[in-house]
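If you count the sequence shown from 1, position 426 lands on 638 in my numbering, and the numbers rise without skipping. Here the structure comes first, spelled out in structure tokens, and everything after it is commentary.
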Amino acid sequence: MNNSDKTVFVIGAGLAGIAASIRLRKLGFIVTVIEKNSTYGGKLDEFNEQGFRFDKGPSLFTSPESVDELFLLCDKNPRDYFNYKSHPVSCSYYFKDKSVLHFNTDKQKLKEELTVKLGTESAFKTLTYLERSKETYQKIGEFFIDRPQAGLKDIFRKELLIRYPHFLTSKLRKTLHQYNLTNLRNEKLIQIFDRYATYNGSSPFKMSGLYSMVPHLEQNTGTYFPEKGMRSIVDSLYKLAVEEGVEFRFEQNIQKLMKSDNGFNLVINGQLYNADKVVCAIDHLHFYRDILSDSKLFNYYSKYERSTSGFVFYWGIKKGIPEAGLHNIFFSENYKKEFEELFKEKKLPADPTIYLHVSSVVNKADAPEGAQNWFVMINTPAGYVPDSNEINQIRKKIAERLQMQFNIDVLSEIIFEKYWSAKQIESETGSVAGALYGASSNGKISALKRHGNRIKKIPGLYFCGGTVHPGGGIPLVLKSAKIVSELIGHER
213 MNNSDKTVFV IGAGLAGIAA SIRLRKLGFI VTVIEKNSTY GGKLDEFNEQ
263 GFRFDKGPSL FTSPESVDEL FLLCDKNPRD YFNYKSHPVS CSYYFKDKSV
313 LHFNTDKQKL KEELTVKLGT ESAFKTLTYL ERSKETYQKI GEFFIDRPQA
363 GLKDIFRKEL LIRYPHFLTS KLRKTLHQYN LTNLRNEKLI QIFDRYATYN
413 GSSPFKMSGL YSMVPHLEQN TGTYFPEKGM RSIVDSLYKL AVEEGVEFRF
463 EQNIQKLMKS DNGFNLVING QLYNADKVVC AIDHLHFYRD ILSDSKLFNY
513 YSKYERSTSG FVFYWGIKKG IPEAGLHNIF FSENYKKEFE ELFKEKKLPA
563 DPTIYLHVSS VVNKADAPEG AQNWFVMINT PAGYVPDSNE INQIRKKIAE
613 RLQMQFNIDV LSEIIFEKYW SAKQIESETG SVAGALYGAS SNGKISALKR
663 HGNRIKKIPG LYFCGGTVHP GGGIPLVLKS AKIVSELIGH ER
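This is how it looks when you write it as structure tokens:
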């Protein structure tokens, strides 16, 4: 039997599921993608209202070559399907003293900005930090990110042994905050680089200093934005998958999945199907609980602390802020207290850090002329569902913070509002408790404990997506799909 006789069922038509389906189809498998919703995309959804277009979930786009790679794999020109623009300012950071730092991806411009506002020493320390971030990523990160998760059996592998001098450093012994404190000194810079912990829903006061490599993908390699919004990433890849012969079945509920002698039996909408291999491209906890019905696996993996969820307001703003960039962060006064409230006390922060994303800054068609489409988010504990009074409090706190910074009455400018909470995130995307990244990385060796791309207990079952190795975010999700296709390909 060759690959053209073998069937693979992929569960979930999000970014990971679509990417895995393309790669597996290219290997010659008959691929069917099963999706419970009426369309593809998962968290990369969008909606339009009153002339405003909103990307519902992820808004940061780095490493566009990871998307292009899928088109090149299929001998297609990526630019015939998908286009994007480089954006010079990765993020603008606002502090309670009304100061602002614009982090340009051009090193000379960043140096000039930091020298004027923080001094020569701070500028030097920041650029040195970014060089070390690049070095860590290239010498350690790429090895762990591009390969299946390393385990105890891999300890004495030559490829891993030569990396120990780079891996077993002070970064591993320190938390990210401790590492930043040592290397940056300046309070504002420490807070800026602590914030990268939120890229996988974790706390900089708990996660390993090795995650200091994360800024490399944003500051050193650049930030971008798709010409038709984040949704266009999955629109283009879905089109490619269909052209390559992948079958998609929407509004399909899997009632049961069982291991058989030569593969798997799946009961989908009451009908029985057979597959040689199955790829889970949804939250692994959701899969164990609701599809595999394996309470032992669910209980084992659910003991790991969840990452943060989020509360998002989608606001159509009649008259926007001219100073607003594509990505904007408004920091809380006490970052440590904020993370203690999120993870220890499991409550809404009294003084939350606010993320403001305005895609109409780049894509003018995303809002009527003179208006802006605001994606406004704060971090919340996983599973936390604010009541109407708390939602009003969140709205008020955001408005007060922006009033202080820009002297604008935000609430009077809102002509459209919608929100997304942990409960809705779980219902719509299957992310258990609305945790955006599955398990948190709150531990020195948490990356080694992350759910892998396969489990020994069930041969032929594979996992990709943001809740498993190597992690969340578009580049890592695409890498997880690549790892799964390589594992399956090697088994030939």
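Backbone N, C-alpha and C define an ideal beta-carbon position, used for all residues, glycine too. On a predicted model such as this, the values are computed, not experimentally measured, just so you know.
Worksheet item: Taking the C-alpha atoms as reference points, what is the distance between Glu545 and Phe307?
Response: Translated into positions along the sequence shown, residue 545 becomes position 333. Translated into positions along the sequence shown, residue 307 becomes position 95. Taking the straight line joining both Cα atoms gives about 8 Å.
Practice prompt. Could you tell me which residues DSSP pairs with His389 in its beta bridges?
Written response: Walking along the sequence shown from the start, residue 389 turns up at place 177. For His389, DSSP records no beta bridge to any residue.
Fill in: Contact under 8 Å by Cβ, Thr244 with Asp488
On the sequence shown, residue 244 is found 32 positions in, with the first residue counted as 1. On the sequence shown, residue 488 is found 276 positions in, with the first residue counted as 1. Here Thr244 is not near Asp488, since their CB atoms are 8 Å or more apart.
Discussion item. If contacts are defined as beta-carbon pairs under 8 Å, then Ser304 and His314 qualify, I think. What distance do you get, rounded to the angstrom?
Written reply: For the purposes of this step, residue 304 is taken as the residue at position 92 of the sequence shown. For the purposes of this step, residue 314 is taken as the residue at position 102 of the sequence shown. Going by Cβ atoms, the distance from Ser304 to His314 rounds to 5 Å, so yes, they are a contact pair.
Item to complete: Kindly give me the distance between the Cβ atoms of Tyr252 and Pro276, rounded to whole angstroms, as I take these residues to be in contact under 8 Å.
Response: Walking along the sequence shown from the start, residue 252 turns up at place 40. Walking along the sequence shown from the start, residue 276 turns up at place 64. Incorrect: roughly 20 Å between the Cβ atoms, too far for contact.
Fill in: Within the region 382-470, ranges of the beta strand (DSSP E) (whole runs, at least 3 residues)
435-438, 459-461
Practice prompt. Count the other C-beta atoms from every protein chain shown that fall within 10 angstroms of the C-beta of Pro534, then say buried if there are 16 or more, exposed otherwise.
Written response: Taking the first residue of the sequence shown as 1, we reach residue 534 at position 322. Residue environment for Pro534: exposed (fewer than 16 other C-beta atoms within 10 angstroms of its C-beta).
Worksheet item: Residue range of the beta strand (DSSP E) that Gln584 falls in?
Response: Your numbering for residue 584 matches position 372 in the sequence shown. Here the beta strand (DSSP E) through Gln584 covers 584-592.
Discussion item. What does the alpha-carbon distance come out to for the pair Tyr567 and Pro270?
Written reply: As a working mapping, residue 567 is identified with position 355 in the sequence shown. As a working mapping, residue 270 is identified with position 58 in the sequence shown. Their backbone Cα atoms lie some 12 Å apart in a straight line.
Discussion item. So, for Glu459: in the same chain, excluding its five sequence neighbours on each side, which residues have a beta-carbon less than 6 Å away from its beta-carbon?
Written reply: Counted from its first residue, the sequence shown places residue 459 at position 247. Closer than 6 Å at the Cβ level, and outside the excluded window around Glu459, lie Thr244.
Practice prompt. Using DSSP bridges, identify the partner residues of Ile246.
Written response: For the purposes of this step, residue 246 is taken as residue 34 along the sequence shown, with counting starting at 1. Beta-bridge pairing links Ile246 to Ile223, Arg461.
Fill in: Helix, strand or coil at Phe294 [DSSP, three-state]
Indexing the sequence shown from 1 puts residue 294 at position 82. Note: Phe294 maps to coil in three-state DSSP.
Worksheet item: Anyone know if the C-beta pair for Val490 and Leu673 falls short of 8 Å?
Response: By 1-based counting over the sequence shown, the position of residue 490 is 278. By 1-based counting over the sequence shown, the position of residue 673 is 461. Closer than 8 Å, so yes.
Fill in: Start and end residues, alpha helix (DSSP H) containing Asn601
Taking the sequence shown and counting its residues from 1, the one referred to as residue 601 is at position 389. First-last of the alpha helix (DSSP H) with Asn601: 600-618.
Worksheet item: Where do the ends of the alpha helix (DSSP H) carrying Asp280 lie?
Response: Within the sequence shown, residue 280 is the residue found at index 68, counting from 1. Note, Asp280: alpha helix (DSSP H), 277-285.
Item to complete: Assign Ala647 to buried or exposed, taking buried as 16 or more other Cβ atoms, counted over all protein chains shown, within 10 Å of its Cβ.
Response: For the purposes of this step, residue 647 is identified with residue 435 of the sequence shown, where counting begins at 1. Residue burial annotation: Ala647 is buried, with at least 16 other C-beta atoms found within 10 angstroms of its C-beta.
Fill in: Beta-carbon contacts of Met425 that lie in its chain and below 6 Å, excluding the five residues immediately before and after
Here residue 425 corresponds to residue number 213 of the sequence shown, with the count starting at 1. For Met425, where only same-chain residues beyond five positions count, the Cβ hits under 6 Å are Ser345, Thr348, Tyr349, Gly353.
Worksheet item: Which value, in whole angstroms, describes the spacing of the CA atoms of Asp502 and Glu343?
Response: For this step, residue 502 is matched to residue 290 along the sequence shown. For this step, residue 343 is matched to residue 131 along the sequence shown. Their backbone Cα atoms lie some 45 Å apart in a straight line.
Worksheet item: Leaving out five residues before and five after Tyr408 in sequence, what residues of the same chain have Cβ atoms less than 7 Å from its Cβ?
Response: Along the sequence shown, one-based indexing puts residue 408 at 196. Hits under 7 Å: Tyr423, Val426, Pro427.
Worksheet item: Is there contact here, the region 592-600 with the region 639-656, by at least three beta-carbon pairs under 8 Å?
Response: Flag = yes, the region 592-600 and the region 639-656 touch.
Practice prompt. Look up Ala493 in the DSSP assignment and say whether it is helix, strand or coil.
Written response: Within the sequence shown, residue 493 is the residue found at index 281, counting from 1. Coil at Ala493, not helix or strand.
Discussion item. Report the CB separation of Thr274 from Leu429 in whole angstroms; it is logged as a contact under 8 Å.
Written reply: Taking the sequence shown and counting its residues from 1, the one referred to as residue 274 is at position 62. Taking the sequence shown and counting its residues from 1, the one referred to as residue 429 is at position 217. Between Leu429 and Thr274 the Cβ distance is about 5 Å, and since that is below 8 Å, they are a contact.
Worksheet entry | Contacting residues, own chain, Cβ-Cβ under 7 Å from Lys418 (five flanking each side not counted) | Position 206 of the sequence shown, counted from the start, is the residue given in the question as residue 418. The beta carbon of Lys418 sits closer than 7 Å to the beta carbons of Thr387, Asn654, Gly655 from its chain, once the five residues preceding and following it are set aside; these are given in chain order.
Fill in: Rounded C-alpha distance that separates Leu373 from Lys351
Working through the sequence shown from its first residue, we reach residue 373 at position 161. Working through the sequence shown from its first residue, we reach residue 351 at position 139. Confidence in Leu373 is poor, its pLDDT being 46 and thus under 50, which makes the residue's placement unreliable; the coordinate value appears in the next sentence. For Leu373 and Lys351, the distance between alpha carbons rounds to 12 Å.
Fill in: Closest by C-alpha distance to Asp257, when choosing among Phe523, Thr641, Thr338
In the sequence shown, counting from the first residue as 1, residue 257 sits at position 45. Closest by alpha carbon: Thr641.
Discussion item. Taking the straight line between their C-alpha atoms, what separation do you get for Glu439 and Asn474?
Written reply: For the purposes of this step, residue 439 is taken as residue 227 along the sequence shown, with counting starting at 1. For the purposes of this step, residue 474 is taken as residue 262 along the sequence shown, with counting starting at 1. Cα-Cα distance, rounded: 45 Å.
Worksheet item: Considering only residues of the region 477-557, which uninterrupted beta strand (DSSP E) runs meet the minimum length of 3 residues and lie entirely inside it, listed in chain order?
Response: 483-487, 489-492, 521-529, 539-542, all fully within the region 477-557.
Worksheet item: Of the choices Lys321, Ile606, Ala335, whose alpha-carbon is the least far from that of Thr327?
Response: Position 115 of the sequence shown, counting from 1, holds the residue named residue 327. Answer by Cα proximity: Ala335.
Worksheet item: What span of residues does the beta strand (DSSP E) with Glu261 cover, start to end?
Response: Within the sequence shown, the letter at position 49 stands for residue 261. Note, Glu261: beta strand (DSSP E), 258-261.
Worksheet item: DSSP three-state call for Leu373: helix, strand or coil?
Response: In the sequence shown, counting from the first residue as 1, residue 373 sits at position 161. Because the pLDDT at Leu373 is just 46, under 50, the model does not fix this residue reliably, and the point stays unresolved.
Practice prompt. Assuming Ser572 and Asp563 form a contact by the criterion Cβ under 8 Å, report the distance between their Cβ atoms to the nearest whole angstrom.
Written response: Stepping through the sequence shown from its first residue, residue 572 is reached at position 360. Stepping through the sequence shown from its first residue, residue 563 is reached at position 351. The Cβ separation is near 28 Å, so there is no contact.
Worksheet item: Counting Cβ pairs closer than 8 Å, one from the region 674-687 and one from the region 623-640, do we hit at least three?
Response: Because the criterion of three Cβ pairs below 8 Å is not met, the region 674-687 and the region 623-640 do not touch.
Fill in: Terminal residues of the alpha helix (DSSP H) in which Val622 lies
As a working mapping, residue 622 is identified with position 410 in the sequence shown. Element bounds for Val622: 622-625.
Discussion item. Please state the DSSP three-state secondary structure of Glu629.
Written reply: Within the sequence shown, numbered from 1, the residue matching residue 629 stands at position 417. The answer is strand: DSSP assigns Glu629 an E or B state.
Worksheet item: Taking buried to mean at least 16 other C-beta atoms within 10 Å of its own C-beta, is Tyr391 buried or exposed?
Response: Counting from 1 along the sequence shown, the entry for residue 391 is found at position 179. So Tyr391 counts as buried.
Practice prompt. Can you give me the Cβ contacts of Ser514 inside the same chain, cut-off strictly under 6 Å, excluding the 5 residues immediately before and after it?
Written response: As a working mapping, residue 514 is identified with position 302 in the sequence shown. Only Leu497 meet the Cβ criterion.
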